[in-house]
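In what follows, a structure is listed as structure tokens, so that the remarks can point back to it.
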Amino acid sequence: MSTRKFKTEIKQLLDLMIHSLYSNRDIFLRELVANAADAIDKARFEALTKPELNREWQIRIELDKDAKTLVVSDNGIGMSEEEIVENLGTIAKSGTKAFAEALSSGSAGTDIPELIGQFGVGFYSAFMVANKVEVTSKRLGEEVAAVKWVSTGEESYEISQADKPDTGTQVKLYLKDDAAEYLDSWRISEIVHKYSDYIAYPIVMAKESTKEDGSKEIKDEVLNSQKAIWLRPASEITEEDHQSFFAHLSGGGKYWKALPISAEGTNEFKALLYIPEKMPYNFLFPEFQKKGLQLYVKRVFITDECEQLIPDYLNFVKGVVDSSDLPLNVSREILQENPLLGRIRKAITSKVLSELKKLQEKERDNYVRFFKEFGKILKIGLYNDFSNQDKLKELAMYESLNGDAGAMISLAEYVSAMPETQEDIYYITAESRSKALASPALEVYRSKGYDVLIMTDPIDEWVMQVLTQYDKKLLKSVAKGDLELDAESRKSLEAEAEQAGKDYAELVNYIKEELSEHVSEVRFSGRLTESPCCLVAEENGLNARMEKFLKSMNQDLPESKRILELNAKHPLIKLLAEELKDAASGEKLKDNIRLLYDQAVLNEGGEIEDLAGFSRRLSALMVAANSK
Ligand code: ADP
Numbered sequence: 004m005s006t007r008k009f010k011t012e013i014k015q016l017l018d019l020m021i022h023s024l025y026s027n028r029d030i031f032l033r034e035l036v037a038n039a040a041d042a043i044d045k046a047r048f049e050a051l052t053k054p055e056l057n058r059e060w061q062i063r064i065e066l067d068k069d070a071k072t073l074v075v076s077d078n079g080i081g082m083s084e085e086e087i088v089e090n091l092g093t094i095a096k097s098g099t100k101a102f103a104e105a106l107s108s109g110s111a112g113t114d115i116p117e118l119i120g121q122f123g124v125g126f127y128s129a130f131m132v133a134n135k136v137e138v139t140s141k142r143l144g145e146e147v148a149a150v151k152w153v154s155t156g157e158e159s160y161e162i163s164q165a166d167k168p169d170t171g172t173q174v175k176l177y178l179k180d181d182a183a184e185y186l187d188s189w190r191i192s193e194i195v196h197k198y199s200d201y202i203a204y205p206i207v208m209a210k211e212s213t214k215e216d217g218s219k220e221i222k223d224e225v226l227n228s229q230k231a232i233w234l235r236p237a238s239e240i241t242e243e244d245h246q247s248f249f250a251h252l253s254g255g256g257k258y259w260k261a262l263p264i265s266a267e268g269t270n271e272f273k274a275l276l277y278i279p280e281k282m283p284y285n286f287l288f289p290e291f292q293k294k295g296l297q298l299y300v301k302r303v304f305i306t307d308e309c310e311q312l313i314p315d316y317l318n319f320v321k322g323v324v325d326s327s328d329l330p331l332n333v334s335r336e337i338l339q340e341n342p343l344l345g346r347i348r349k350a351i352t353s354k355v356l357s358e359l360k361k362l363q364e365k366e367r368d369n370y371v372r373f374f375k376e377f378g379k380i381l382k383i384g385l386y387n388d389f390s391n392q393d394k395l396k397e398l399a400m401y402e403s404l405n406g407d408a409g410a411m412i413s414l415a416e417y418v419s420a421m422p423e424t425q426e427d428i429y430y431i432t433a434e435s436r437s438k439a440l441a442s443p444a445l446e447v448y449r450s451k452g453y454d455v456l457i458m459t460d461p462i463d464e465w466v467m468q469v470l471t472q473y474d475k476k477l478l479k480s481v482a483k484g485d486l487e488l489d490a491e492s493r494k495s496l497e498a499e500a501e502q503a504g505k506d507y508a509e510l511v512n513y514i515k516e517e518l519s520e521h522v523s524e525v526r527f528s529g530r531l532t533e534s535p536c537c538l539v540a541e542e543n544g545l546n547a548r549m550e551k552f553l554k555s556m557n558q559d560l561p562e563s564k565r566i567l568e569l570n571a572k573h574p575l576i577k578l579l580a581e582e583l584k585d586a587a588s589g590e591k592l593k594d595n596i597r598l599l600y601d602q603a604v605l606n607e608g609g610e611i612e613d614l615a616g617f618s619r620r621l622s623a624l625m626v627a628a629n630s631k
């Protein structure tokens, strides 16, 4: 026998399990049964090529009221000593660390049972109800001795050889005094029914019943219906069934919509997909997300991460696909290359997108809530799935200048509200709504009452490079290139700007020279109605936000210069022109021009390069303005 210490993170996790109070401890059984079913899935998969390994697959629950123990056993794959140490003592993916982070970030509240399944730490939930856990296991197909793992959930666990004739795993819980309810067979039946009914293997428990003649007998009873939920007619599946299956797939949480799919013909498959209500907590930890969908072939479990079945931008959709046309007797890897998967993926993508469209039309408020959760992910498709870009364009929603904070509109809604004179669709990208609203580039649109879409997801910057048209209208950034307005307004504003360019030609040249290191051009434009100036990117140039992002990714960027646009109607311009005439004001004029530029940098969400110079100039200005 040897005693080994737990990894620190497990220790922390165990502390949480043992010392906290939970509202829903029942889920420990769901986790243990799920592990048992996974173990049988694996054994059954091996038996596909080695039929001699086949047996009557089964999960057993045994209760012992006197010893106060609960046992969950399976005849699945089992674990060797190495595997047991690896799986139950070290958490390979350091799941607990992420788990703890999710907890301490506060986003998860205190709903620990909800989090357990998502981070692959389900086994440890046993310590919510037990003060000692004994795992005895014998590996299938390998000539290794059975092994026993025992722990009281403190510093360490013990490993020893065990005497177990059959392959599989037995998990024995010594229940805490306050967990005596789990010795009641009715209670156990109820929990299994609630959480594990669809498990494909019989979950058997010996139950005492009274015979007709009054004598007692103990008989094995199967607690679950074992019906693969995705093969049942949709009309027969209750909301509770869906909820429990969804929790099984995603490790907890609630679903918003269930989408059953039944495809017939040359490519037969059944699928049951779910759109979650909320982004799962583990979404920020990509290594804990199961990518893709679960794949079954003729009801035999193949893998729970088949990425080929769904595009990355629908990664939040959880579910199973059961195909009758894929071959069963090839390896997982080869199977994943089968072109049939591509066809299933296409059908699934199209179904999910069309369902989302329906929901957008029928349940607008709920859809907006959905989009706020998952829009960031869905928009990836706008960027990388051209075959579905038209559908995704319809599904996208944005806040807008004329709408309230939080209210969202689709491109179609934007277009239908456009005044007749407006030719293009306008948008602005920014880190937040308030930053967007502070941009001087919006001034002229505001004064004309035109709406402007406000895009605040980082992905928008990328998407807008490829999303250039909707409904034969161009999508135009208000902070890039030439002023975009209807032809008539543009004409008169451009004429004014041209005139100002002539009137202030000397000033423009002077500023250009002063700021030659920082801007590529200085010009007047009709974009501004209130601010003296702003920076705009060239038509195909980077804006401040994109530049900041690329720099943060360590990309070697050539210094990009933007265009400084001036507002001829602003009194400051006139003052500067006068200062220019006054030969004595050389230094002051230079300072003022630099301040003007720095202000424009701040307005577009950029960072001032020479902060010390900025505050020196600003202080000097304040002194001058306040001295008598
Ligand atoms: P998860 O099941 O999400 O991976 P767990 O903490 O529940 O996380 O289990 C950790 C690992 O221990 C599993 O991935 C599996 O390899 C192993 N394991 C747990 N229970 C069993 C079992 N009954 N049979 C075989 N292996 C098991």
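For reference, each letter of the sequence shown is one residue, going 4 to 631 in the working numbering.
From the three backbone atoms N, C-alpha and C, an ideal C-beta is built for every residue, glycine too.
Report, in whole angstroms, the separation of the C-beta atoms of residue i and residue j, which I expect to be a contact under 8 angstroms.
i	j	result
T172	G79	7 angstroms
S390	M400	That pair is no contact at about 21 angstroms.
A623	D594	7 angstroms
L143	A46	5 angstroms
V150	I87	6 angstroms
I347	V320	Contact flag wrong, Cβ pair sits at about 13 angstroms.
P535	L575	4 angstroms
K577	D460	The Cβ separation is near 41 angstroms, so there is no contact.
L381	L395	7 angstroms
K81	S154	The sequence shown places Gly at residue 81, rather than the Lys named in the question. In fact, because the Cβ distance is near 19 angstroms, the residues do not count as touching under 8 angstroms.
E446	R530	7 angstroms
F527	A571	5 angstroms
W189	L91	Not confirmed; about 30 angstroms, so no contact.
A482	N606	In fact, because the Cβ distance is near 10 angstroms, the residues do not count as touching under 8 angstroms.
D489	T532	Incorrect: roughly 16 angstroms between the Cβ atoms, too far for contact.
L276	I264	7 angstroms
Under 8 angstroms, do residue i and residue j count as touching if we go by C-beta distance?
i	j	result
G608	A433	yes
S83	V147	yes
L518	L567	yes
H160	F9	As written in the sequence, residue 160 is Tyr, which differs from the His given in the question. A contact, by the Cβ cut-off of 8 angstroms.
L186	L19	no
L312	V324	yes
E612	F552	no
T352	L317	yes
Y177	W60	no
K179	A250	no
D181	V207	no
G125	A42	no
G256	E280	yes
A657	I428	There is no way to answer for residue 657, as the model of the chain reaches only from 4 to 631.
L538	V466	no
F272	S238	no
M579	L592	According to the sequence displayed, residue 579 carries Leu and not Met. Contact flag set, yes.
What is the residue span of the beta strand (DSSP E) that residue i lies within?
i	result
A261	258-266
W152	149-154
V225	219-225
N90	Premise fails: N90 lies in the alpha helix (DSSP H), 84-92, not in any beta strand (DSSP E).
L73	72-77
Y429	428-432
A274	272-279
G322	321-326
R7	5-8
Check for me: the alpha helix (DSSP H) holding residue i runs from which residue to which?
i	result
N512	508-517
D166	Looking at the DSSP string, D166 is not in any alpha helix (DSSP H), and its letter there is neither H nor E.
P461	461-469
E397	392-398
A182	Segment: none, A182 is in no alpha helix (DSSP H) and carries neither H nor E.
Q297	Where Q297 is concerned, there is no enclosing alpha helix (DSSP H), although the beta strand (DSSP E) it sits in stretches over 296-300.
E34	30-52
E349	Residue identity differs from the one stated: residue 349 is Lys in this sequence, not Glu. K349 -> alpha helix (DSSP H) spans 342-365.
Is the stretch 415-434 close to the stretch 370-383, with three or more CB pairs under 8 angstroms? no
For the pair the stretch 64-77 and the stretch 231-249, tell me if three or more CB-CB distances fall below 8 angstroms. no
Please confirm if the stretch 249-265 is in contact with the stretch 353-371, defined as three or more CB-CB distances below 8 angstroms between the two stretches. yes
Are the stretch 538-546 and the stretch 490-506 touching by the rule of at least three beta carbon pairs closer than 8 angstroms? Here the stretch 538-546 makes no contact with the stretch 490-506; the two share fewer than three CB pairs at distances below 8 angstroms.
Is the stretch 471-487 touching the stretch 506-515, taking contact as three or more C-beta pairs under 8 angstroms? no
Below 8 angstroms, how does it come out for the stretch 28-35 and the stretch 191-203: are there three or more Cβ pairs, yes or no? yes
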